[in-house]
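Chains as they are written, first to last, in the numbering used here: chain A, 1 to 103; chain B, 1 to 130.
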């Protein structure tokens, strides 16, 4: 039996949503497990990419094309967060040791 | 026809995203996890967005999808590069089976205050199980 294009799109959206949910679970396990701060920041980067993909799927689920802009915004926020965390890690003031030069 | 192409791109992109997330979970070393997140991650998210562009055929969406892909391709490698450099300088431990450290002597490498003696390096084949 043959499938119409619209039905195939609905099915593909559901399958992609399930795959992205499993991906978010994997990344969440890495965030909880660590063991170092850079590991968690890498997992955060991956989480923002999955969030952008999920916002793209939300266009098809809701029918509102504004979610494409949300995907762009999520990617931007994730990039800025990773850059900020990289600065903190490189300077060493987020590790909680006594070598930081905080006043 | 466009809907079929869009459906294929959606499933392909979500599968690549899942592979990247499994890599982030199971690779034994911070630097390998960074490779999984930045390479496969940007490919997965970009493919899903391209699939949306095929599924909703309008000029506006196509332009926005192209811009989002360009932005991802520009920024994610920069973030990964910064993070790898910061992690190396902070002294994140390498995998125990690492044979060659080409950055040794190039970048100053600090000592990471680790909670456990071998934290951050999982046993080979163990895949990060605790």
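Ideal Cβ positions, reconstructed from N, Cα and C, are used throughout, including at glycine. Nothing here was measured: the structure is a model prediction, and the numbers come from that model.
_Using a Cβ-Cβ cutoff of 8 Å, what residues of the region 55-86 of chain B are near chain A? List them in chain order._
55, 56, 58, 60, 61, 64, 65, 67, 68, 71, 72, 75, 76, 78, 79, 80, 82, 83, 85 and 86
*residue 118(B) to residue 93(B) span [Cα, whole Å]*: Residue placement at residue 118(B) is flagged as unreliable, the pLDDT there being 49, under the threshold of 50; the coordinate-derived value follows with that caveat. Rounded to whole angstroms, residue 118(B) to residue 93(B) spans 8 Å at the Cα level.
_Supposed contact pair residue 55(A) and residue 74(A) - C-beta distance, whole angstroms, cut 8 Å_ = 6 Å
*asked:* So the candidates are 68(A), 20(A), 72(A) and 40(A); which of them puts its Cα closest to the Cα of residue 29(B)?
replied: 40(A)
*Contact between the region 9-27 of chain B and the region 14-24 of chain A: three or more CB pairs below 8 Å?*
yes
_From 67(A), 25(A), 42(A) and 91(A), residue whose alpha carbon lies closest to that of residue 34(B)_ = 42(A)
_Run through the DSSP bridge pairs and tell me what residue 104(B) is partnered with._
107(B)
*Note down, in chain order, each residue of its chain lying with its Cβ closer than 6 Å to the Cβ of residue 35(A), except the 5 sequence neighbours on either side.*
none
_Check this for me: beta carbons of residue 42(B) and residue 65(B), under 8 Å apart or not?_
no
*Would you call residue 2(B) buried or exposed, if buried means 16 or more other Cβ atoms sit within 10 Å of its Cβ?*
exposed
*Pull up the distance between the alpha-carbon of residue 95(B) and that of residue 63(A), whole angstroms please.*
46 Å
*List the residues of chain B that residue 30(A) touches, going by C-beta distances under 7 Å, in chain order.*
24 and 25
*At what residues does the alpha helix (DSSP H) containing residue 30(B) begin and finish?*
30-35
*Leaving out the 5 sequence neighbours to the left and right, which residues in its chain are closer than 7 Å to residue 45(A) when beta-carbon positions are compared?*
78 and 82
_Simplified DSSP state of residue 63(A), which is helix, strand or coil_ = coil
*residue 48(A) by DSSP, collapsed to three states: which one?*
helix
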